[in-house]
Amino acid sequence: MKTNKYALKRNLVAFSFVVPCLVGFAAFYMLPTIRGLWYSFTDWDLFNKARFIGVQNYTKLFRDKDFWTAMKVTVLYVLLNIPAQTLLAVLIALIMNKATRHGFMRGILLTPWIMSNVVVGLLWLWMLDSSVGIVNVLLRRMGTDGINFLTSTKAALPSIAMINIWRHMGYTGLLVFAGLQSVPKEIEEAAVIDGAGPVRKLVSVVLPYIRPVMAFVVITTVIGSFQIYDTIAVTTKGGPVTATYVIYLFIYKNGFESYKMGYSSAAAMVLFAILVCISAVQMKIMKGSESN
Amino acid sequence: MSKQLNRNGVSPALRAVITAGIIILVVATLFPFYWVVRTSLTPNSRIYVDAGRLLPPSPTFMNYPRVLGLVDAATSVALGGTGQSVNFLVNLKNSLIISVCVTFFSTLFSAMAAYAFSRLHFPGRDQIFYLILAAMMVPGVVMMIPNFVFVRQLGLLNTYAGVMAPCLIMTPYAVFFLRQFFLGINKEIEEAAYLDGAGQYQTFFTIILPLMQTALVTLAVTTFINTWNDYMWPLIVGKKEEIRTLTVALGVFRSQTPQGQPDWSGLTAGTVLAIIPALAIYGVFGKKIVNSVQFSGFR
Numbered sequence: 086m087k088t089n090k091y092a093l094k095r096n097l098v099a100f101s102f103v104v105p106c107l108v109g110f111a112a113f114y115m116l117p118t119i120r121g122l123w124y125s126f127t128d129w130d131l132f133n134k135a136r137f138i139g140v141q142n143y144t145k146l147f148r149d150k151d152f153w154t155a156m157k158v159t160v161l162y163v164l165l166n167i168p169a170q171t172l173l174a175v176l177i178a179l180i181m182n183k184a185t186r187h188g189f190m191r192g193i194l195l196t197p198w199i200m201s202n203v204v205v206g207l208l209w210l211w212m213l214d215s216s217v218g219i220v221n222v223l224l225r226r227m228g229t230d231g232i233n234f235l236t237s238t239k240a241a242l243p244s245i246a247m248i249n250i251w252r253h254m255g256y257t258g259l260l261v262f263a264g265l266q267s268v269p270k271e272i273e274e275a276a277v278i279d280g281a282g283p284v285r286k287l288v289s290v291v292l293p294y295i296r297p298v299m300a301f302v303v304i305t306t307v308i309g310s311f312q313i314y315d316t317i318a319v320t321t322k323g324g325p326v327t328a329t330y331v332i333y334l335f336i337y338k339n340g341f342e343s344y345k346m347g348y349s350s351a352a353a354m355v356l357f358a359i360l361v362c363i364s365a366v367q368m369k370i371m372k373g374s375e376s377n
Numbered sequence: 132m133s134k135q136l137n138r139n140g141v142s143p144a145l146r147a148v149i150t151a152g153i154i155i156l157v158v159a160t161l162f163p164f165y166w167v168v169r170t171s172l173t174p175n176s177r178i179y180v181d182a183g184r185l186l187p188p189s190p191t192f193m194n195y196p197r198v199l200g201l202v203d204a205a206t207s208v209a210l211g212g213t214g215q216s217v218n219f220l221v222n223l224k225n226s227l228i229i230s231v232c233v234t235f236f237s238t239l240f241s242a243m244a245a246y247a248f249s250r251l252h253f254p255g256r257d258q259i260f261y262l263i264l265a266a267m268m269v270p271g272v273v274m275m276i277p278n279f280v281f282v283r284q285l286g287l288l289n290t291y292a293g294v295m296a297p298c299l300i301m302t303p304y305a306v307f308f309l310r311q312f313f314l315g316i317n318k319e320i321e322e323a324a325y326l327d328g329a330g331q332y333q334t335f336f337t338i339i340l341p342l343m344q345t346a347l348v349t350l351a352v353t354t355f356i357n358t359w360n361d362y363m364w365p366l367i368v369g370k371k372e373e374i375r376t377l378t379v380a381l382g383v384f385r386s387q388t389p390q391g392q393p394d395w396s397g398l399t400a401g402t403v404l405a406i407i408p409a410l411a412i413y414g415v416f417g418k419k420i421v422n423s424v425q426f427s428g429f430r
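Top line first, the protein sequences correspond to chains G and U.
Residue numbers for the first sequence follow this note's numbering, beginning at 86 and rising by one.
Residue numbers for the second sequence follow this note's numbering, beginning at 132 and rising by one.
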């Protein structure tokens, strides 16, 4: 009896450690996720009473041209971003791996990643300005016409991708570098003895060995790229026309400019579903590499 | 040891390529920062004439007092401002208050929870932890609208509390991150404390927390930087001028630009103000941040 009471007291004290955390979690993570799902089935507009309308938001969404534009632009952005960034990350990691003072280099290359997207966006807004930006000043000095990086429909999205690659290359490079450090020397040496050149060694020995890290890098980059917003909000604002109109802008505009909370929530849920699928693929790749 | 391997394993040609690669990467990383500082020291009247000059033409510090709201409107226009009101000093203060509070409370409460999830026992412990872990998958935008509505219902729109609310007590990542470290604590340390008659709270605050200093500082630094950099949430909750954080104010300053060219020297001066605190923290805790990035690659 006495020990029971003692155990109960211990349980209560232990539980009191998590009470603040649970309150925060319930209020700002669990409740909003459930509420968001509920809103997506209503016609709520922030001012009038919400009415349950079944899956109407979703069916409307799939017939909404704006939504498909935003989806297309987002996917295009992801496709522009991923190959370039992954390749650059591997390259940076290889250089770090051979550099004698890689500590110093890691420190410098990570700096852009510490800065906010707003700061990075403004930095490049200025660098890439059509008339006085230094990049165009230099391009014109070299005898070209210069490029309207952020103000032409063709160049805007690739420019945004470039800006984000600049911000993230040190970070992803560092992740791959951490993976490279875990490759046992014997494996590399064995490949060399077997007559593999440096490229062959990289492609068929080193990269497969660090597959989990590579999967992590690619998937986090994909998930992050789907959620791009800040950079575009301070530079192109979705334009010119719809050249950089990504899904986050669609959700933001419908929610906080048109107050279509239900509709906007439905779009957020669709994005959520897409990201869950991508994460599922990640798990599968990670699992596959464990059994090898 | 590794130095020797490098020297022996790399041919001179490859060495040259690597050195060139390093130089290109470092210049590409640092030049935009230099260029924004250079522009912030340039008077607005010289922006267009000397657009390509490497050093700031007729350098001046006046852009800083101008965007910090330390000079009156007429002087500001005379200095090249567009006449829009900027008061980054207030925004700087807001960003500091919000970031410091969020960092302190979320680190404290997340540490308490992480300790309980790794070390203490109570019914439902692991189920609750997995629920929190699952929440890491939910993208921010899903919770943004309901959180906005909730904060509005609480009457906290345009208050510090409203801007801080979602991350003030905990983030799933913080709990996950710290739990990994608490799992590694030697059980005997706690048992010795209990034998000495210390309670769970006393053990946690006087023995466990000091032991976990490195992990706590790493988390605090990342939390501070994330809060400092946040844009979308403070944008929708803290629209009012007195509550705006520096990132939000920079966005507003940029979009209020009258037709034509923005006030580049003002904008770049503001950008530098936003860079300095993040850079200062990075300068002091850089190594911890680099290590935590490597940690995230192995989780």
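From the three backbone atoms N, C-alpha and C, an ideal C-beta is built for every residue, glycine too.
Note that the coordinates shown come from a computational prediction; the quantities given were computed from them, not determined experimentally.
Query	Result
How long is the line joining the alpha carbons of Ser133 of chain U and Leu179 of chain G, rounded to whole angstroms?	Note that Ser133 of chain U scores 43 on pLDDT, short of 50, meaning its location in the model is unreliable and no value can be drawn from it.
Examine chain U for any beta-carbon lying closer than 8 Å to the beta-carbon of Leu194 of chain G, and answer yes or no.	yes
Can you find the residues in the same chain that come closer than 6 Å, C-beta to C-beta, to Ile263 of chain U, ignoring five residues on each side of it along the sequence?	Pro303, Val306
When Cβ atoms are compared, which residues of the segment 154-185 of chain U fall closer than 8 Å to chain G?	Leu156, Val157, Ala159, Thr160, Leu161, Pro163, Phe164, Trp166, Val167, Thr170, Ile178, Tyr179, Ala182, Gly183
In or out: Val379 of chain U buried (at least 16 other Cβ within 10 Å) or exposed?	buried
Is the beta carbon of Val233 of chain U closer than 8 Å to that of Met295 of chain U?	yes
May I ask you to list, following chain order, the residues of the segment 199-217 of chain G that have a beta carbon less than 9 Å from some beta carbon of chain U?	Ile199, Met200, Ser201, Asn202, Val203, Val204, Val205, Gly206, Leu207, Leu208, Trp209, Leu210, Trp211, Met212, Asp214, Ser216, Val217
For a contact meaning CB atoms closer than 8 Å, what does Asn96 of chain G contact in chain U?	His252, Phe253, Pro254
State buried or exposed for Trp198 of chain G, treating a residue as buried only when at least 16 other CB atoms are found within 10 Å of its CB.	buried
What do you get for Tyr314 of chain G, buried or exposed, if any count of 16 or more other CB atoms within 10 angstroms of its CB means buried?	buried
Using CA coordinates, which residue listed in U:Tyr291, U:Leu145, U:Asp257 is at the minimum distance from Lys370 of chain U?	U:Tyr291
So for Thr238 of chain G, helix, strand or coil by DSSP?	helix
Pairs of beta-carbons, one from the segment 387-407 of chain U and one from the segment 190-208 of chain U, closer than 8 Å: are there three or more?	yes
Against chain G, with Cβ distances strictly below 8 Å, would Gly417 of chain U count as a contact?	yes
When Cβ atoms are compared, which residues of the segment 155-186 of chain G fall closer than 8 Å to chain U?	Leu176, Ile177, Ile180, Lys183, Ala184, Thr185
Hey, out of G:Thr327, G:Ala351, G:Cys362, whose CA is closest to Ile119 of chain G's CA?	G:Ala351
Please compile the residues from chain G whose C-beta is within a distance smaller than 9 Å of the C-beta of Trp395 of chain U.	Trp211, Asp214, Val217
Taking the straight line between their C-alpha atoms, what separation do you get for Asn142 of chain G and Val269 of chain U?	20 Å
For the segment 140-157 of chain G and the segment 309-326 of chain U, state whether three or more C-beta atom pairs, one from each stretch, are separated by less than 8 Å.	no
Relative to the alpha-carbon of Thr349 of chain U, which residue among U:Ala205, U:Val424, U:Gly293 has its alpha-carbon at the smallest distance?	U:Val424
Anything in chain U within Cβ reach of Leu360 of chain G, meaning under 8 Å, just list it in chain order.	Met268, Pro270
Tell me, to the nearest whole angstrom, how far the beta carbon of Ala300 of chain G is from that of Ile370 of chain G; I am working on the premise that it is less than 8 Å.	4 Å
Tell me the DSSP bridge mates of Thr127 of chain G?	G:Phe137
Suppose the cutoff is 7 Å on Cβ atoms and the five residues either side in sequence are ignored; what does the same chain contact list for Leu288 of chain U look like?	Val282, Val368
For chain G, is any of its Cβ atoms less than 8 Å away from the one on Gly382 of chain U?	yes
Within 10 Å of its beta-carbon, does Gly183 of chain U have 16 or more other beta-carbons around it, so buried, or fewer, so exposed?	exposed
Output yes if chain U places a C-beta closer than 8 Å to the C-beta of Arg296 of chain G; else output no.	no
Taking a cut of 8 Å between CB atoms, which residues from the segment 302-317 of chain U lie near chain G?	Pro303, Val306
In chain order, which continuous runs of the alpha helix (DSSP H) of length 4 or greater are located wholly inside the segment 137-185 of chain U?	143-171
Which runs of the alpha helix (DSSP H) fall wholly inside the segment 238-321 of chain U and span at least 4 residues, in chain order?	256-266, 271-284, 291-299, 303-313
Please state the DSSP three-state secondary structure of Ile313 of chain G.	coil
To the nearest angstrom, how far is it from the Cα of Ala135 of chain G to the Cα of Gly121 of chain G?	13 Å
Hey, Thr316 of chain G and Gly218 of chain G are a contact pair by Cβ (cut 8 Å); roughly how many whole angstroms apart?	In fact, because the Cβ distance is near 16 Å, the residues do not count as touching under 8 Å.
Under DSSP, the alpha helix (DSSP H) around Glu342 of chain G begins and ends at which residues?	First-last for Glu342 of chain G: undefined, no H or E at that position.
Considering only residues of the same chain and omitting the five flanking positions on each side of Gly200 of chain U, which have a CB-CB separation below 8 Å?	Ser216, Val217, Asn218, Phe219, Leu220, Val221
Apart from the five residues just before and just after Ala99 of chain G, which ones in its own chain have a Cβ nearer than 7 Å to its Cβ?	none
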